[in-house]
Each structure stands twice: as C-alpha cells, then as structure tokens.
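Written out as structure tokens, the structure reads:
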C-alpha cells in the first residue's frame, strides 16, 4: 500500500487591494482583501520539487493588483470572476481557481451635510464577502457577509426543550437574542451570465435579513435563521441556497436581588465564551418544502 | 536601603454591562465595557496579605451592574461619575477611583424605512470612550473615541523633510492619507457640575474631527492632527485639551509598469506593519498660541 | 419548487474546561477549549420553533464540565470520545455528535531545577487539537495541532517556476522558509478500539514533523509538506491520512545597498500580509504511491 | 487665551526585523518587533506643515534594518541603545529618542536529540521587551516581559476583605491563582555603562519571578506581586524598580452538585471577562522598607 498526494491547492491569501476611482473629482474607493488559489495537477511540485507548472503566489498577487486597474472593480463578484478566469487560463496544470474577496465599506465624510468628494470614514460593521470558483465547465458564485451583529431586546423565547440529567437551564419566556451573523448565499448557475446586479442584490439581501430578524418572533435562533433564509429565497429567485453560522451571543440577566433591586429585563452581562453556535442551510427542493 | 511599595492600584476590568431601557415599547440599548480601579493606601494587602481594606474586584463588578439599574445609563460619562463616586465612598482606604467605559453604538434595524422598536444592529466603526477619575477634591473627565478609521484619497503630501544617510523616501506630492484615530479630550474642571451635555458634545466633536480631516489640506499627519485639535478647542470652550494617537496607515502605490499599466493614484496596497505613529496634544495657554 | 431545510447542526462552542488532577500533592492540569455539536433531525426547531427534540447548548456545556469529572481527562481524544458518545446517546433525534477540543500545554515551574508540584507556566507555541465525530456506526478521530511556527534560515530555494506576463519574482537560491503549521491527521477506523496511546502518538508525530521540516532540503513549501506527511504515514500505520494548511510566512531580504551595506541573508523583514497559503493532504492508496 | 501644541512625538511602530547570524553553519536568529519615536521641537510640522526638521518615519525604519546589520543584535537592549543614539544624533530638533523592542524566542528544532543548525521552532509563551530612552543627558533602560501566563492550582486564598452592600463574594480558602504577567524593570542609571549582561539578567529575573510565584503562599495577588518584586530587587542591585500589571485570570469552580458530583477543586471554568487587574510597583527607598 502506497503513500500518495491527496487534495491540494495553493495561492496567495489576504492581498490588500485598495482601488481608488478618480476619473472625476468625486472619488470612489473599493477596499478589498483578496485571496486566490489554484488546484489541479501540481503533484510534481510536491513529490519532486518541480515548480515548472506552478504559477507563483507572488504572480497571483501581482495579477490581483493589475486586474484592479485593467479590469477595474465595480463589485467584488465582477472583479473576482475576471481574476479567477485569468488565473485559471494562465496556469495549464490548473483545473480550478478560486477567488475570495472581503470588502470593507467606507462612507463619505459629511461636511455641511454633504458627502465629501475624497474623504471617507470606514463604516465598520459587517464585512461583505464573495467566493468565486472557476473551472472549465462552470462558475460558482457564493456571496455573503460576516459579523453582522444584531440583537433583539424582546420577542425571543426558548422553552419546551429536551431535558436530561445534565440540564439545568430554565425555560425563558423573554430573553435577549443576539448574534454575529455569518451568511453565504449561492447564486444560480447562470447568475454570472445574466448578469445579476451584484451590488443591488447584496443590499437587498442584507436589508431583508435584518428586517426578518427584527420582525420574526423567535422561539429559537434556529427558527429565526430559517425564517431569514426562506425570506431570501422567496424574494430572490437568482439565489439557490443560503447558509448561516450564527453564534448565540448570550446576554445573561444579572441577579440584582442581593442589592435590593429587581431586574425586569434591564441589566445583562454580555458573555464571551462559551456561546451557542447554530449552523443551517436553507435551500430549494423540487418538491414542496415543509 | 530598603525595598518599598510604589504606586499601585487594583480593580475589575472589562465588565460587559448591557442596559436595556424598556420603560416604553420603544427600547433603548446601552452597551458598555466598564473597568474600574481604586488607589490609595493598600500597602497591607501587598506586604502582609491583609485584605481588610480591600473592596474586592468582584464587588466593583457587582456595583457596576447595580448602578446600571439604580443610577441608570444616560451617557458613559454620567454613569461613570456615579459609579466612581460610589466606589471611592465605599472604600475608606481609597484616595482615588477611576472608571473607564467603552460604549459600542447600535442602530435600530430599518423595517419599511422606520427604525424598529426593539431590534438593533451594531454600528461598528469607532468606539466611544470615557475615563473618569474621582478624588475627594476633584473630578476629571476625559472622553474620546478610538478606531475612527478615516482616509483621504487626495489632498495630502509629504515632502521637504529632513534627510540623512538612511533616507530613501522620495517626496510625495499626492498620496493617500489614512489613520485609525484615537482621540481623548479632557473636559474643564467644572464640566461635571455644569453639567455638560455629554452625548451632544461627543457627537459634535466627532463631526468636527471628521469635517476638519476632510477639508484640511495635509502636509503631514501632524498638521492634520493639529488642525483637528485646534478646531475642537475653538468650538468647545468646555474642553481643555485634546490628545491624539494616530497610526499612519500606509497605502503604497503599486508599481504596475512591469505589466504595461500606468497607475496614477488608482491601485494601492494597504500595509499592516510597520506604520507611522503620530502622537500630539493640543492644549490651551494663557498666552497666545503660535 | 419549495424551500427546505438543508444541512444543519448546533452546539456549544468554546467551553473553557480546566481540569486539575489533585489525587496526590503533585497536581496535573488539563486546559481545554471544548466545542460540541449535534446533527440529525432538528427540522421542527427550524420550521415550527419546536424545541422538544433539542438538547440545549447549555446542557452540552454542563455535560462537558461534568464529564471532566465523571470520565476524567487523560487525553483530549479520550475525553472527546466519551463526551461525544454521551451527547449522541442523550439526544434521540441526533444522528451524529462532534466534539472538538483544543488543549493548551503547561509546564511545571522550575524551582531549584525541579518541577513544582502545583505551579505551572503556560508553554505557548502550538495548540493541540482533536475532532471526534460519533455516529451509531462509526467513530472518526482527527487529531492535530495548529500554530506550530517553524523557520529554516537556509536550505530552501524556489526557482524554475511557471512565468506569465504578471510574473516579476526572481528565482531564489537560498531563502528563509517559515510557516505556522496547521496539521490534522485522521486515525484508522479502529484506533479508538485498539486503543491508540493518544498522547504518545501526538508527541511522536509532532517530533517527526519538526525533524522532517528541519532535515528536508526544500524546493518549495509543497515539497516540504509532502515529505512531512509521508514521514508520518510511514512511521504510523494507525494514521490514515494527514492534511496541512501552511501559510508561507514571507521573510523578505532587506535591500541595504543604499546604506553601503551588503546583506548576504542576514537582515529580513517579516511580512504580515499577503502570504502564500499551501494546503495539501497526504494519504494512503491501495496502489503504489508516486 | 491661545491654543498651543502640547507634548508630541512621532515614529515608526512595529518594524519586524529578523536578524540571522550566519557567520558559521550554526545560525542564530533574533526576531524583533521594533518601534522608534522622536520628541523635541517639531512644532513647525504641526502648525505650518514644515517638515524640514522631521526625520521621516520611513528613515527610522530603514535605520532599524541597517543597524541590525551595522551594529548587530546581541540583545534587544544593546541594539536599542545603538539605534536610539543614532536616531537622536541624526535629528537636530530631537531632544529624546525612544526605542521599544519586543523579542520572540525561538528554539532549535531537535533532530536525534540535538539542536539543528538552521531550523527553529518558535517557543511561544512570554514576549521579552525593552524600552530604551535616550537624551543628551541620560539613558534609561526598562526591560521586561509580557504574557508570562502562570497558574497555581493550590496555595492561594482570598478572604477577610472589606465588605459593603454590593459584596456577594464568599471567602476562598483554596482557589486557583492565575495571571498573564506583565513586568517591567528599570535598570540603574549606570547599567548601560557597566554594561549589564542583558541576556543573563533577563533569564535570571524571569526564573526568579517564576520561582517566587510558585513558592509564595498567596493571600492575594497583590501579595504575590510584592513578593516577586522584592525578590528581584534583593537579588539584582542593578535594578532600581519593577512594575507589574497582572490580570487576575479567574478560574471559577463549577457547581457539579446538580449532577450528583462533588467538585473538590477539580473542575473549573476559565473566564475571559471581566478580570481583576492588579498593578503595583516595587521600588527602592533610602529608608527601610516595610
């Protein structure tokens, strides 16, 4: 029985590409963190140290910068599609290329109630993401966001759960529900061809996730995630599937009774660890959903 | 020659107090990270292990939670003043108490263009801070913010600097200027007594810092900071002094010439380390300033 | 076409369990970060808010603590196997349970050249990991380490690579090779039954990874990883497969020529981002390996 | 009343200098994070944008790299003294220069029980630090370490403390005491002139801190810190003063009674926040200490 190379890939991670659009005095900024990787038949590099089929990660980085100029950046998705196609084409041994992009949002600084032409303040909050995978046969686009931190101060319960010998948690009729949402949604196979308006779709999905979180009475974080995912799939036929990873950021009611104070849902301690972690995918079926 | 105890203090750091105001269906949220410390004559605890004068850090934590209910949280400053006074009063051996608060901002989630009553999204961006120091004689309030990340895509130069044998940097006529601003401003001694409107002042100072950053042509980050500080002192007579620590977050122009591309200020790499670090205080003088 | 629930799981992440063995005056410490999750038919929780089949994450946390006492901790693997079995058994709707453990190593503090009985200093360096997956039919144990930071100051080249229009990297005959190694190895299906000596195997694999890194002349990080993986599989028939994720932590030679200094591999800048990222699996085949 | 510039300084932070000593086949590595700053009369840069007296932070970085070659690195202190002297000398407007260095330790990789010539593994654990301040008149050297994480599983109590209305903490007869030690010690004014053996002193102080922590019965973290500081000052007359910042990393005993288990100091949860924070300086006096 022999020892063989299994799945492998390589690339350049976290190239910090900042693209300023300055065609007019009103500049725009695209602030990206770009990671690329190639997979395919690179066995010789592993077993014989033969680099002749290996496009260096340094070249991948150079290409990321060059394409920010040559192709430009109108959206992370559009840029990643171009970059992934180039890397795949430039590397005969590669069978697939992935480009992963994080985008950090900036707002114009307000001066006398108007956005300034070339001064910006980083928005903070969630990071927009995309992961584009390119092969000879197909292109897959999975976009998303992470660290969208949301909280409901009421409208959330957790009760009627399974109990065993190690269960001490009481039912909760009214609790804080908070999470740092990570969501990724896969576009339909023809999305790049249509093409989808990536920026408008991102804004719409984000708004829908937030509104659904706000307006859904929650009997568990699971139920909230399912509602959010269903809402997105119902509204966006160009999206095939959406996945969530949501840490349940516990806010525990503080016992103020020893100090002669009641605490009807007013003072909480925000805990760091441990945290619940709920992961779920909502997808489409050829049959009726439940 | 003997060995003696020098300066010392102790306290509870990073108590994560979340206060929900739910007097009406339209909730409010105050999300705080509270650190307290006491100083005074605690020598016996160090030299003899005698805790009889030591109010435990656990009690300091309890007090932080209890005061979020008993006193309430209208601003970090107001809350910190109450908490600091309590801790000093409760500890006979203490000569001073400091309360440091970070506040994380939340926005209401928009549903049909209106802010929801009890669902929030964390704003991200800068963190608001205050440091209150209370002694028998005086109260010092130093408020501020950190990690306000700003960037100008033009309107910044750096040239005519001192050169020595190790200088290779060329003059820059037009560069990106970016920083993650840390600013702290000390209020006048009577600020707590007036009292100042802490929240309105914070908003005004933040807006003024941003607008001055945007509209000042910069010949160095130092000049920008001085302009920002001067603007704040001119507009806010209740503020005595303002200090900055500002990492110069370098954005280096990428050389695209090897790829047959020009790069007139369009594609940059955002560097992590090293970074310039500029620190400056702008203050008042009984004489005319320069 | 309907909307349906796809893959999902839930659990408690990052429960910080510290177990002191104090059966004799010579204490031992096991310092763990434990994450558990359950998967199975939890659809009702998502679609109907019905928690009746959901063992709370709070209970999972309690069980993690209780099992540190009831079962004890001799190795992360042994503890995780017991905990995973319990969680699966306690949850009728679950078809699988995973337990992920990080272990932080501590050394005894040296006093007069002897290790102290009950005083420890955290070792730092790499973190030991295990991921145990339990179903009715089988148990999978994947152990590993992360952040084992290694560096060779010579004995590494990178040349003869594929070049395209975006390639500017020159051949390197002698460079620093450095990485923060993440490695995971999957044990054979019968490993838990034998049982394997988990601690001894961990120590042996770690030592072998290090020695192979040290003694392999590297024509690429890929070649080094393959050599390390092969060495482990050759020496440990109880291991089926080993996977690596290795950031190429670039150390760039600093150009000192402007200062009249040569730099024959002596002064480097350690870069943060971007970094190469090499991922590879070495596995067994029924055929001869290449 | 005017607005004026107050205290200010500027420099380059976190230059990651890696120095390989390869005079023989048995290489050595010095892995440093170097921050420099200059203070003096730099008012014109702030008020008039005049850079003519400003040695760029880019030049400071260059100098840090050049001095790693020209002067070499035998210890962080020796290197920082040389670098600080150079920067002060090169900048006429400067009245002081500070150089702050973190050093990350590496061990030789063991191959057949012998340390390899040019392959290293990062040790982890504490970071060694020095802060050197150079003016025309004097040189101050403050060395130290941070994140030396230590724990005692017994031999620590906390009781007899001051109680008020917000105190709920019970006396603890036997608890875990753990901290991530930050310590800085100031050398005597003539230390650089003697010179002190910086590396040997560092090792000795570190060992003494650890041994004292281990062997001192603790009635409070304050008492432990004072004992550690006293031990250092007693053993090292070349050290004037030592300061500590020590987070009390709480390990809370888990209540296992609901599960029918006792817990005599065996199972703890390691908490992240909040944490006690104890700061103390131990110094010398012309009088007898208490």
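Protein chains in written order, with the numbering used here: chain A, 832 to 1121; chain B, 832 to 1121; chain C, 832 to 1121; chain D, 832 to 1121.
Glycine included, each C-beta is placed from N, C-alpha and C at the ideal position.
Of all the CB atoms in chain F, is at least one closer than 8 Å to the CB of residue 977 of chain B? The structure shown contains no chain F; the protein chains it does contain are A, B, C and D.
Is there a Cβ of chain A sitting closer than 8 Å to that of residue 947 of chain C, yes or no? no
Report the three-state DSSP secondary structure of residue 1027 of chain B (helix, strand or coil). coil
Please list, in chain order, the chain A residues whose beta carbon lies closer than 9 Å to that of residue 997 of chain D. 1089, 1090
Are the beta-carbon atoms of residue 915 of chain C and residue 930 of chain C separated by less than 8 Å? yes
Within 10 Å of its beta-carbon, does residue 987 of chain C have 16 or more other beta-carbons around it, so buried, or fewer, so exposed? buried
Return no unless some Cβ of chain A is closer than 8 Å to the Cβ of residue 843 of chain B. no
Less than 7 Å between C-beta atoms, sequence neighbours within five positions excluded: which residues of the same chain meet that for residue 1120 of chain A? Low per-residue confidence applies at residue 1120 of chain A: pLDDT is 45, beneath 50, and the placement is therefore not dependable enough to give any value.
Smallest Cα separation from residue 1108 of chain D: which of D:891, D:1052, D:909? D:1052
Contacts around residue 1011 of chain A, its chain only, beta-carbon distance under 6 Å, and the 5 residues preceding and following it disregarded: 978, 980, 1078
Answer with yes or no whether the minimum CB distance from residue 1034 of chain A to chain D is below 8 Å. no
If you draw a straight line from the C-alpha of residue 982 of chain A to the C-alpha of residue 1025 of chain B, how long is it? 35 Å
Taking all protein chains shown into account, do 16 or more other C-beta atoms lie within 10 angstroms of the C-beta of residue 868 of chain B, making it buried, or fewer, making it exposed? buried
Skipping 5 residues on each side, what residues in its chain have a beta carbon closer than 7 Å to that of residue 952 of chain D? 937, 938, 940
Give every residue of the same chain whose Cβ lies closer than 8 Å to the Cβ of residue 858 of chain B, excluding the five residues on either side of it in the sequence, and list them in chain order. 851, 852, 948, 949
Where does residue 968 of chain B land, buried or exposed, given buried means 16+ other C-beta within 10 angstroms? exposed
By the 8 Å beta-carbon criterion, what residues does the stretch 989 to 1018 of chain D contribute toward chain A? 996, 997, 999
With 8 Å as the C-beta to C-beta threshold (strictly closer), list the residues of the stretch 1098 to 1120 of chain D near chain A in chain order. 1103, 1104
Whole-angstrom distance between residue 1016 of chain A and residue 992 of chain B, CA atom to CA atom: 51 Å
Endpoints, the beta strand (DSSP E) within which residue 931 of chain C is located: 925 to 935
Secondary structure at residue 1068 of chain B, three-state DSSP: helix, strand or coil? coil
Under 8 Å by beta carbon: chain C residues contacting residue 873 of chain A: 1053
Ranges of the alpha helix (DSSP H) found wholly within the stretch 974 to 1055 of chain B, counting only runs of at least 4: 1029 to 1046
Could you tell me whether any Cβ in chain C is nearer than 8 Å to the Cβ of residue 1057 of chain A? yes
Quick one: what's residue 964 of chain C bridged to in DSSP? C:929, C:971
Grab me the residues of residue 1036 of chain C's own chain with a C-beta within less than 6 Å of its C-beta, minus the 5 sequence neighbours each way, in chain order. 1063
Please report the Cβ distance between residue 864 of chain D and residue 932 of chain D, rounded to the nearest whole angstrom; I am assuming they are in contact, meaning their Cβ atoms lie under 8 Å. 7 Å
Determine the contact status of residue 772 of chain A and residue 1112 of chain A, defining contact as a CB-CB distance below 8 Å. Since the first residue shown for chain A is 832 and the last is 1121, residue 772 of chain A is missing from the structure and cannot be characterised.
Comparing C-alpha positions only, which one of D:847, D:904, D:1101 sits nearest to residue 786 of chain C? Nothing in the structure corresponds to residue 786 of chain C, since chain C is present only between 832 and 1121.
If you measure beta-carbon to beta-carbon, which residues of the stretch 950 to 973 of chain A are closer than 8 Å to chain C? none
Looking only at DSSP bridge pairs, what is residue 1060 of chain A linked to? Paired residue(s): none; residue 1060 of chain A is not in a bridge.
Out of B:1027, B:1072, B:1047, which one is the CA nearest neighbour of residue 908 of chain B? B:1027
Cβ separation of residue 996 of chain C and residue 1090 of chain B, assumed to be a contact under 8 Å, to the nearest whole Å: 6 Å
Among B:971, B:1092, B:882, B:866, nearest to residue 845 of chain B - alpha-carbon criterion: B:866
Which residues of chain D have a Cβ atom closer than 8 Å to the Cβ of residue 858 of chain C, listed in chain order? 984, 985
Once DSSP output is grouped into helix, strand and coil, what is the label at residue 907 of chain C? helix
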